[in-house]
Each structure stands twice: as structure tokens, then as C-alpha cells.
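For what it's worth, the numbering used here labels the leading residue of the sequence shown as 8, then goes sequentially.
To start, the structure under review is shown below, and the notes come after it.
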Amino acid sequence: MLRKLSRSALIGAALVAAVALGACRDTGKDQLFAISGKLFEFNYRLAIATYVITLKPLRPMVDGQVAVVSFQNPAGGDPLIVNQKIWPKLPHITLTSPPLTCVVKDKPYSVSIRIEDASGTLLQSIDTTMTSSEDQTMLPDRPLVIGPNYELNPDLAGHPDGKLPDAQKPDCSKAT
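What follows is the structure in C-alpha cells.
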């Protein structure tokens, strides 16, 4: 009987300790957003690659907030900058880069996100890296479809894989 009582007391103490430790963790009260997803999107149909990052709001959003995103340019050169208005009623924020060239598999690329208010004051800064699981060479040389009705691209007639023997390739000599 005494043994069962001491075992119950020990289990109870362990549960109380676990709850207390969980309450002590940093909840990021100063943070407005957290990254909830990030990936390289390879749109085979349109022959483009982009960065895509999703932010989850941790607190209510305010009108006038802007996300200023600096994506490392896989082709080298200046970073790709995107300014995106934050819509307060949306459940999440999706940040997408312009089309990319020279994306290399397993290479980390840096991304910096600044959340600013309407006057440009920094509210939060998020730095992360993104690594592609694919190489951009897997994309076709030209879009497989064109136009609003997704008609087959006549330039690719006779090339079902989308690869053209004489296609001009992007200059990746400055890639970092």
C-alpha cells in the first residue's frame, strides 16, 4: 500500500514538474509572426521556380503592415526584394519570390523578412535559410502550356520532356 502511494506521489510530482517546465518556455511575446512553411516551388507546367514562405500570425495583425522580403538570388548578384502588404483578415501570409534561375539542389539560400508598420518602422525581423531538394535543371526549357486556356506550347512540338536541344541556358557563372 505504501509502495503504491509513493509511486503515485512520484508520478504526480513528475507531471507537476513537466507542466511547470512547459510554462517556463519562451512564447515569443514580442513576435508577430512565425514561419509555418517554406519551400521551393517548381512549377513544371510553367517552367519556373520560386521561393514560397508562409507566415502564421501570432497576434492580431494591424492595417498598414508590410512584409519586406530579401531573397538570396541563386543566379548571383543583388538579392531579390519583395514588398508585400499584409492583409489583417487573412489566416496566414504567403510570400513568393519572382521567378528564379540557377537553383541548385542541397544548397542553402538565405531569406530575410522584415515586418514593418505603415511608417516603415521595423516591428519584427526573421532570418532563415531554404534548401531545395531538386535542381532547377529538372524544369523544361520553356513553359509546357501557354495562354489562358493552357494550350500546348507549339515551340515544344516533338519534345514531350520540354527540353530543346538549342535552348539558351541561364548564365549561372555568378551563382553564389
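Using N, Cα and C, we set each Cβ at its ideal position, and we do this for glycine too.
Residues of its chain near residue i, where Cβ-Cβ distance is below 7 Å and the 5 sequence neighbours each way are ignored
{"i": "ASN80", "result": "PRO86 and LEU87"}
{"i": "ILE153", "result": "ASN160"}
Alpha-carbon spacing of residue i relative to residue j, whole angstroms
{"i": "ILE100", "j": "SER119", "result": "15 Å"}
{"i": "VAL75", "j": "CYS179", "result": "26 Å"}
{"i": "ASP113", "j": "THR136", "result": "11 Å"}
{"i": "GLN91", "j": "PRO172", "result": "38 Å"}
{"i": "PRO167", "j": "PRO155", "result": "20 Å"}
{"i": "TYR58", "j": "ARG149", "result": "19 Å"}
{"i": "ALA164", "j": "LYS170", "result": "10 Å"}
{"i": "LYS45", "j": "GLN131", "result": "18 Å"}
{"i": "PRO115", "j": "GLN72", "result": "28 Å"}
{"i": "ILE60", "j": "PRO177", "result": "25 Å"}
{"i": "SER232", "j": "SER117", "result": "Missing from the structure shown is residue 232; the chain here goes from 8 to 183 and no further."}
{"i": "THR103", "j": "THR138", "result": "15 Å"}
{"i": "ALA41", "j": "LEU151", "result": "36 Å"}
{"i": "GLY29", "j": "GLN38", "result": "Residue confidence is low: GLY29 scores 47 on pLDDT, short of 50, so the model does not pin down where it sits. Its coordinate-derived value is still stated next. Their Cα atoms are separated by approximately 19 Å."}
{"i": "THR108", "j": "GLU123", "result": "29 Å"}
Cβ neighbours of residue i in the same chain (closer than 8 Å, five flanking residues each side left out)
{"i": "LYS181", "result": "ALA82, GLY83 and GLY84"}
{"i": "ASP70", "result": "PRO95 and ALA125"}
Opposing strand residues paired with residue i [DSSP bridges]
{"i": "GLN143", "result": "Paired residues: none, contrary to the question."}
{"i": "VAL75", "result": "ASN90 and ARG121"}
{"i": "TYR51", "result": "Its beta-bridge partners do not exist; DSSP assigns none."}
{"i": "GLY165", "result": "Paired residue(s): none; GLY165 is not in a bridge."}
{"i": "THR136", "result": "SER117"}
Residue i, buried or exposed, once every other Cβ within 10 Å from all chains shown has been counted against 16
{"i": "GLN175", "result": "exposed"}
{"i": "ALA56", "result": "buried"}
{"i": "VAL110", "result": "buried"}
{"i": "TYR157", "result": "exposed"}
{"i": "ALA54", "result": "buried"}
{"i": "LEU159", "result": "exposed"}
{"i": "LEU129", "result": "exposed"}
{"i": "PRO7", "result": "The question about residue 7 has no answer, for the chain in this structure spans 8 to 183."}
{"i": "PRO161", "result": "exposed"}
Residues near residue i by beta carbon distance below 6 Å, same chain, minus five either side
{"i": "MET68", "result": "ILE93 and PRO95"}
{"i": "ILE133", "result": "ILE120"}
{"i": "GLY127", "result": "none"}
{"i": "SER77", "result": "PRO86, ILE88 and SER119"}
{"i": "PRO147", "result": "ALA54 and GLY169"}
Minimum Cβ-Cβ distance from residue i to chain D less than 8 Å
{"i": "LEU62", "result": "Of the chains in the structure shown, none is chain D; there is only one protein chain."}
(Q) Closer than 8 Å is the cut-off here; do at least three beta carbon pairs connect the stretch 40 to 53 with the stretch 142 to 159? (A) Touching, yes.
Q) Given 8 Å as the limit, is there contact between the stretch 56 to 73 and the stretch 88 to 97, that is, 3 or more CB pairs closer than that? A) The stretch 56 to 73 and the stretch 88 to 97 touch, with no fewer than 3 CB-CB distances between them shorter than 8 Å.
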